[in-house]
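As given, the protein sequences belong to chains P and G, one line each in that order.
For the first sequence, the numbering used here assigns the number 2 to the initial residue and increments by one for each residue that follows.
For the second sequence, the numbering used here assigns the number 22 to the initial residue and increments by one for each residue that follows.
C-beta atoms are modelled at their ideal positions from N, C-alpha and C, and glycine is treated no differently.
The structure presented is a predicted model; accordingly, all values stated were derived computationally and were not measured.
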Amino acid sequence: MKRIALLLSIALVGALALTGCAAKTDKPAASTSGDKIKIGAALCQTGIQAPLDEPALRGAQLAVDVLNAKGGILGKQVELINMDGKSDPVTVGNVAKQEIQQGAVAIIAPSDFDFGGPASREAQTAGLVGISPCASSPLYGSAALGDKQFTMSMWNTTMGAATAEYAYKQGWKSTYVITDDFIDYTKSLSKYFIIRFKELGGNVLFEDTYTQGQGDVSAQVARIKALKTKPDFIYISSYMPDLALMIRTLRESGIDVPVVGGDSYDDPGLFEALGTKYGNNIIFDTHGFLSDAANPAYGEFAAAYEKKFGTPPDAVWVMPGYDAVMVLAQAMEKAGSTDGAAMAKAMETTTFDLLTGTLKWSDAASGHEPNKAAAMVQLKDGKPEFIGWVTPDKIPAP
Amino acid sequence: MIGSEFIINTLSLGSLYALIALGLVFVYGILKLVNFAYGEYLMVAGYTLYVLGTFTPIPWWLTMILAVALAAFVSYLTELIAFRPVRTKSLDAMLVTSFAVSVLLQNAALLFVSPRSRAVPFPPAFSESVTVFGATTPVRNILTIVTTVILLVALTLLMKYTVLGIAMRAAADKFTTTRLMGVPANLVISVAFILSGLLAGVVSIFWVGRSASVDPLIGFAPLLIAFIATVIGGMHSLQGAVVGGYVYGLLFNALSIMLPASLINYRDAFMFAIVILFLLLRPEGLIRGGYTEERVG
Numbered sequence: 002m003k004r005i006a007l008l009l010s011i012a013l014v015g016a017l018a019l020t021g022c023a024a025k026t027d028k029p030a031a032s033t034s035g036d037k038i039k040i041g042a043a044l045c046q047t048g049i050q051a052p053l054d055e056p057a058l059r060g061a062q063l064a065v066d067v068l069n070a071k072g073g074i075l076g077k078q079v080e081l082i083n084m085d086g087k088s089d090p091v092t093v094g095n096v097a098k099q100e101i102q103q104g105a106v107a108i109i110a111p112s113d114f115d116f117g118g119p120a121s122r123e124a125q126t127a128g129l130v131g132i133s134p135c136a137s138s139p140l141y142g143s144a145a146l147g148d149k150q151f152t153m154s155m156w157n158t159t160m161g162a163a164t165a166e167y168a169y170k171q172g173w174k175s176t177y178v179i180t181d182d183f184i185d186y187t188k189s190l191s192k193y194f195i196i197r198f199k200e201l202g203g204n205v206l207f208e209d210t211y212t213q214g215q216g217d218v219s220a221q222v223a224r225i226k227a228l229k230t231k232p233d234f235i236y237i238s239s240y241m242p243d244l245a246l247m248i249r250t251l252r253e254s255g256i257d258v259p260v261v262g263g264d265s266y267d268d269p270g271l272f273e274a275l276g277t278k279y280g281n282n283i284i285f286d287t288h289g290f291l292s293d294a295a296n297p298a299y300g301e302f303a304a305a306y307e308k309k310f311g312t313p314p315d316a317v318w319v320m321p322g323y324d325a326v327m328v329l330a331q332a333m334e335k336a337g338s339t340d341g342a343a344m345a346k347a348m349e350t351t352t353f354d355l356l357t358g359t360l361k362w363s364d365a366a367s368g369h370e371p372n373k374a375a376a377m378v379q380l381k382d383g384k385p386e387f388i389g390w391v392t393p394d395k396i397p398a399p
Numbered sequence: 022m023i024g025s026e027f028i029i030n031t032l033s034l035g036s037l038y039a040l041i042a043l044g045l046v047f048v049y050g051i052l053k054l055v056n057f058a059y060g061e062y063l064m065v066a067g068y069t070l071y072v073l074g075t076f077t078p079i080p081w082w083l084t085m086i087l088a089v090a091l092a093a094f095v096s097y098l099t100e101l102i103a104f105r106p107v108r109t110k111s112l113d114a115m116l117v118t119s120f121a122v123s124v125l126l127q128n129a130a131l132l133f134v135s136p137r138s139r140a141v142p143f144p145p146a147f148s149e150s151v152t153v154f155g156a157t158t159p160v161r162n163i164l165t166i167v168t169t170v171i172l173l174v175a176l177t178l179l180m181k182y183t184v185l186g187i188a189m190r191a192a193a194d195k196f197t198t199t200r201l202m203g204v205p206a207n208l209v210i211s212v213a214f215i216l217s218g219l220l221a222g223v224v225s226i227f228w229v230g231r232s233a234s235v236d237p238l239i240g241f242a243p244l245l246i247a248f249i250a251t252v253i254g255g256m257h258s259l260q261g262a263v264v265g266g267y268v269y270g271l272l273f274n275a276l277s278i279m280l281p282a283s284l285i286n287y288r289d290a291f292m293f294a295i296v297i298l299f300l301l302l303r304p305e306g307l308i309r310g311g312y313t314e315e316r317v318g
């Protein structure tokens, strides 16, 4: 008990120190009329959110370089200030606030509603546009966060419906769903997939769960094997690292029906972990594809990326990060200023042509719902192959 | 069919959990220190497998040996650098130190490799499937069981029949008396850490082998498993850790299969309810240890 009390007090002291630091920097807002346009980012470089945010940050950094080479925004050079959000919602909020005080005119928030929300709320409070490269929760928009908040990602409503329709069109009528109940993303993705699949007339044999970190799926495998009718495919809504474990265990146990999922599959770590042996018959939808097949503009982007970072883009998440900065730049140009309300208005009324496809947001009254196509991808011999862009016929209501 | 599959799964899961718990208890037994950095030894072995397997032509069997050796070495190093200087201070100081070591190692992996998980190459035979008694299961599961049996027999022989083993058991029971008999404290504690790291390394091969990938936070789940297994089995004896590991594996699999569909979401709640019952009704675990005294020096 004494020990627990000790640990708790250490944690409390740490938390106090953090808030103390933030409070100390509470100076009057720096002047925004300098010769640079500052974009703030609260992306997480450490912790569980880092695998998504770190590539997005690299994409954003590249976009800033590209913009500056072309003369910047509104004739001013652009500066990206990123402070590590540390995969902690409180820290994310604090660093966003700090960046706003340093003169940031827009905020890039982490790619998740729980982690990105605090940054967007700070941006909203300050009257600035906040944008998340990849938060796919239908909560990420104007309804929950405010009229200047956006996400670049299709919502889970689209992501779930696109694969449901794709699978149904393949003639796969029955499915077994395994949902990772550790985070909101995976739960909400399964929900919309199931709604759309049932609506089409598909049969969901069982809704099973898994918890990230559990490290064992033998029970789920046993339940699948005990089914009287075999599912035509298995829908797994989970993410790395355990996703590799789940798919491998299924395959090793002799279950070889297709495995279908969402954008969390788009991870080179997963492709390699499955290898040529198990990297087959896996289909997922995501935000884009790292090749010219999905977007002719990819080649130029990839070359610039390789020049800056020394390696070709390794994860799809670099593209939404790049796009987020480009959207902000276009919005500022169109609005003719860095005013938050004017930028938000510009974002609502523009159709953006981006690396991750065309994007059109609905107005603030209908939630800033992103109208975007999903990139359908399959794994073959451990290598991703682009199937095509898919826009669902019907998207479930959030 | 579920029958034989259930038995094999439970045995292999239980074996893995038993090894995990055993590694933690080796150090706890002598130092009375719950080593929060234990999961990171497993991570070190995992990254060794990744680095050697991906960037060097070293054959897989040698990478495995080196991975286990390095885990044991890092465990020994942490004892030498981090724990030994604070050992004579309070137990709380050691506990906090173990947190520090854990955070340090995790962030080292984060900074020097990547926050994203990395694929670890394994020989194809490792994930080949075999059919045993009508159940299809990866060869790895059978290997886990066999390896655990071999290790448990070897460790039993070591603890029962060698001077070192006897000294370690004595130190776990009455540390001060053991020192008065002329057993060097540093040696016994170092060996405990090395064995702990060794077990973490072996576990790592099978743990990482299941997903064929490694990430900076991979050590957390095994650490949690070790805690639960030792609560069930008993913190004060090596047998307790092994029994706890197998019972945990059995409980986990049984609950997963027997709970009705509507209650499956609450499996972990049931699991922890059982753990709480153990804490309330039998806080010393299934296997009672002998008399234990507070660690001195």
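Which of helix, strand or coil DSSP assigns to residue i
i: residue 258 of chain G; result: coil
i: residue 155 of chain P; result: coil
i: residue 41 of chain P; result: strand
i: residue 183 of chain P; result: coil
i: residue 77 of chain G; result: coil
i: residue 238 of chain G; result: coil
i: residue 236 of chain P; result: strand
i: residue 230 of chain P; result: coil
i: residue 128 of chain G; result: helix
i: residue 75 of chain P; result: coil
i: residue 38 of chain G; result: helix
i: residue 377 of chain P; result: strand
i: residue 228 of chain G; result: helix
i: residue 132 of chain P; result: strand
i: residue 398 of chain P; result: coil
i: residue 200 of chain P; result: helix
i: residue 221 of chain P; result: helix
i: residue 388 of chain P; result: strand
i: residue 81 of chain P; result: strand
i: residue 175 of chain P; result: strand
i: residue 346 of chain P; result: helix
i: residue 123 of chain P; result: helix
i: residue 356 of chain P; result: coil
Residue-level contact to chain G via CB, residue i, 8 Å cutoff
i: residue 51 of chain P; result: yes
i: residue 90 of chain P; result: no
i: residue 303 of chain P; result: no
i: residue 386 of chain P; result: no
i: residue 255 of chain P; result: yes
Anticipated Cβ contact below 8 Å, residue i with residue j, distance rounded
i: residue 257 of chain P; j: residue 174 of chain P; result: 18 Å between Cβ atoms; not a contact.
i: residue 250 of chain P; j: residue 222 of chain P; result: 6 Å
i: residue 220 of chain G; j: residue 43 of chain G; result: 6 Å
Chain P within 8 Å of residue i, Cβ atoms only
i: residue 26 of chain G; result: yes
i: residue 281 of chain G; result: no
i: residue 234 of chain G; result: yes
i: residue 289 of chain G; result: yes
i: residue 88 of chain G; result: no
i: residue 108 of chain G; result: no
i: residue 144 of chain G; result: no
i: residue 138 of chain G; result: yes
i: residue 274 of chain G; result: yes
i: residue 242 of chain G; result: yes
i: residue 278 of chain G; result: yes
i: residue 159 of chain G; result: yes
Which whole runs of the alpha helix (DSSP H) in the region 136-191 of chain G are 4 residues long or more, in chain order?
-> Within the region 136-191 of chain G, the complete alpha helix (DSSP H) runs of at least 4 residues fall at 160-182.
Take every Cβ of the region 98-114 of chain P, pair it with every Cβ of the region 319-334 of chain P, and state whether three or more of those distances are shorter than 8 Å.
-> Taking 8 Å as the limit for Cβ pairs, the verdict is that the region 319-334 of chain P does touch the region 98-114 of chain P.
Flag this pair as touching only if the region 220-235 of chain G and the region 57-65 of chain G have three or more C-beta atom pairs under 8 Å; answer yes or no.
-> A contact exists between the region 220-235 of chain G and the region 57-65 of chain G.
Where are the alpha helix (DSSP H) runs, 4 residues long or more, that stay fully inside the region 279-338 of chain P, in chain order?
-> Listed in chain order, they are 299-310 and 319-336.
Is it true that the region 34-44 of chain G meets the region 184-197 of chain P, where meeting means three or more beta-carbon pairs spaced less than 8 Å apart?
-> Touching, no.
Do the region 67-77 of chain P and the region 125-141 of chain P make contact, defined as three or more Cβ pairs closer than 8 Å?
-> Contact annotation: the region 67-77 of chain P does not touch the region 125-141 of chain P, with fewer than three C-beta pairs closer than 8 Å.
Between the region 23-31 of chain G and the region 295-304 of chain P, do three or more beta carbon pairs fall short of 8 Å?
-> Result no; under three Cβ-Cβ pairs closer than 8 Å.
Write down every uninterrupted run of the alpha helix (DSSP H) in the region 50-115 of chain G whose length is 4 residues or greater and which is fully enclosed by it, in chain order.
-> If one requires a minimum length of 4 residues, the alpha helix (DSSP H) runs lying completely within the region 50-115 of chain G are 59-76 and 81-99, in chain order.
Would you call the region 284-294 of chain P and the region 184-196 of chain G in contact, with 3 or more CB pairs under 8 Å?
-> No contact exists between the region 284-294 of chain P and the region 184-196 of chain G.
Could you tell me whether the region 157-169 of chain G touches the region 89-96 of chain G, where touching means 3 or more Cβ pairs closer than 8 Å?
-> No: fewer than three Cβ pairs fall under 8 Å.
Stretch pair the region 255-271 of chain G + the region 201-215 of chain G: three plus CB contacts closer than 8 Å | The region 255-271 of chain G is not in contact with the region 201-215 of chain G.
Does the region 130-143 of chain G come close enough to the region 384-392 of chain P that 3 or more CB-CB pairs lie under 8 Å?
-> Touching, no.
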